[in-house]
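Under the working numbering, the first residue of the sequence shown carries the number 20, and numbering increases by one thereafter. Beta carbons: idealized from backbone N, C-alpha and C, even for Gly. Report on the following structure.
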Amino acid sequence: MNEEQTLIDFAHAWDDAILTNSTAEFEKFVSEDWVIVGTEGGISPKTDYLQRVGSGKLVHTRMDSGSFRVKIYGDSAVITSRGTSAGTWLGEAFSLYEWSTSVCRRVNGQWVCVLTMLTPAKED
20 MNEEQTLIDF AHAWDDAILT NSTAEFEKFV SEDWVIVGTE GGISPKTDYL QRVGSGKLVH
80 TRMDSGSFRV KIYGDSAVIT SRGTSAGTWL GEAFSLYEWS TSVCRRVNGQ WVCVLTMLTP
140 AKED
């Protein structure tokens with residue numbers, strides 16, 4: 020398997036981990052200093068995301084990725100994909116179609132994400 024396919028598989032496995040709504044599963048895919056830049060324009064550290072999921076404030080019922088663009092730069096990589104994130108936030112349903120760009124690095128032979136940025140996407 021080539022490294023690009025390994026990163027696509029990593030992204031799909033991360034989608035699956037998010038759907039478990041388990042902070043322990045999610046943490047397997049991100050670094051200690053991971054941050055997410057959301058479509059609302061804010062930056063949230065890993066601790067905020069884990070608190071939202073752990074408390075049940077954020078629940079995912081759908082997370083899918085496709086239309087991948089993967090670029091590898093030694094032990095760093097950029098994964099861009101498009102897909103839907105859906106679930107509930109504070110009990111209210113949401114469904115977002117968005118581009119996701121994740122910066123990853125290889126640590127001890129394993130990929131981890133250090134930053135994710137979300138941008139609204141248009142349907143084709």
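Between residue i and residue j, what straight-line distance do the alpha-carbon atoms span, to the nearest angstrom?
i	j	result
Lys90	Arg71	31 Å
Thr107	Glu22	34 Å
Ala43	Pro64	16 Å
Glu117	Ala105	11 Å
Lys141	Ser119	13 Å
In this structure, how does DSSP classify residue i when only helix, strand and coil are distinguished?
i	result
Lys90	strand
Ala112	strand
Thr39	coil
Ala30	helix
Thr138	strand
Ser117	For the sequence presented, residue 117 should be read as Glu rather than Ser. Glu117 falls in the strand class under three-state DSSP.
Asp52	strand
Gly73	helix
Thr58	coil
Look at residue i and residue j and say whether their C-beta atoms are less than 8 Å apart.
i	j	result
Leu115	Thr58	yes
Phe45	Ala36	yes
Leu26	Cys123	yes
With distances taken from CA atoms, which of the options is nearest residue i?
i	options	result
Ser95	Gly73, Ala112, Val133, Ser104	Val133
Ala32	Gly110, Asn127, Gly85, Glu117	Gly85
Asp83	Thr103, Thr99, Trp53	Thr103
Leu137	Leu109, Asp143, Thr99, Cys123	Thr99
Phe87	Gly110, Ser121, Ile62	Ser121
Val97	Gly73, Leu77, Ala105, Arg125	Arg125
Gly110	Gly75, Gly128, Ser119	Gly75
_Measuring CB atoms only, is the stretch 43-50 touching the stretch 123-137, in the sense that at least three cross pairs come out at less than 8 Å?_
yes
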